[in-house]
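Going by our numbering, the first residue of the sequence shown is number 7, and it counts up by one from there.
By construction, the Cβ of each residue, glycine as well, lies at the ideal position given by its N, Cα and C atoms.
Have a look at the structure below before the remarks.
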Amino acid sequence: MRGDIVIFRAPAFPSFIYVKRIIGLAGDTITYADDKSVQINGRMIGQLNHHNDHTSTYQALQERNAQQYEYVIDNRKPFVKPIYTQWVIPDGYVFVLGDNRDHSWDSRFFENAVGTPRHLRGLVKKELLISRYLATAFTLEFMKSDFDIGENSLKVISEAQTAEGNDGDK
């Protein structure tokens, strides 16, 4: 589901595991602009909260549970352009983006297996999704509060659920 943080196998190197946020679903058009902004179906992700010569901070809302999250764009970092600036997401694929956008290797830059059609490059097949992130399993913040391992877990997405497009929320 859009906004979920997922754990998945890299498209070209299945032994590599990544953790990113899903922003594009089947039928979506994702556009990445020169100013580093991202649009889904013509609508910009997030609202600009802060901007100066060094950084821009955006606030975004996760659709599924209305939880807010922030992402920061480093305005000083040289802009590395992805090969494509627009993707149309077909059935069976998702577009992922790291919250630390300037330092993230994600759908904008992913290599895919040899022979992948151009229009699918950078996209992640749903069958490569392993799990949805539910909670932080380890953080140094636990020193400041109670740490209850029982509340932290990963939920495995079964192959049947992935094939059906079900996000496992039954």
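Other residues of its chain near residue i: CB distance less than 6 Å, five sequence neighbours each side excluded
i      : result
GLU117 : ALA18
GLY128 : SER113 and PHE116
ILE11  : ARG27 and TYR139
VAL94  : THR35
VAL102 : LYS26, ILE28, ASP112, SER113 and VAL130
THR91  : TYR38
ASP40  : none
ARG49  : none
ARG15  : LEU134
Cβ distance (whole Å) where residue i is taken to contact residue j below 8 Å
i     : j     : result
ALA32 : PRO88 : Not a contact, Cβ separation roughly 21 Å.
Close Cβ partners of residue i (< 8 Å) along its chain, the five nearest in sequence each way excluded
i      : result
ILE13  : ILE23, TYR24, VAL25, LEU135, ILE136, SER137, ARG138, TYR139 and LEU160
LEU126 : PRO96, TYR99 and ASN118
PRO20  : LEU134
GLY104 : LYS26, ARG27, SER110, TRP111 and ASP112
Beta-carbon proximity check, residue i vs residue j, cutoff 8 Å
i     : j     : result
LYS42 : GLY98 : no
ILE46 : GLY30 : yes
Contact with chain B by residue i, beta-carbon distance below 8 Å
i     : result
ALA18 : Absent from the structure is chain B; it holds one protein chain and no more.
Where residue i falls, given that 16 or more other Cβ within 10 Å makes a residue buried
i      : result
ARG107 : buried
VAL44  : buried
Near the ligand FMN: residue i beta-carbon under 7 Å from a heavy atom
i      : result
VAL130 : The ligand content of the structure shown is nil, which means the ligand FMN is not present either.
Whole alpha helix (DSSP H) runs in the region 100 to 128 with 4 or more residues, listed along the chain? For the region 100 to 128, not a single whole alpha helix (DSSP H) run of length 4 or above is found.
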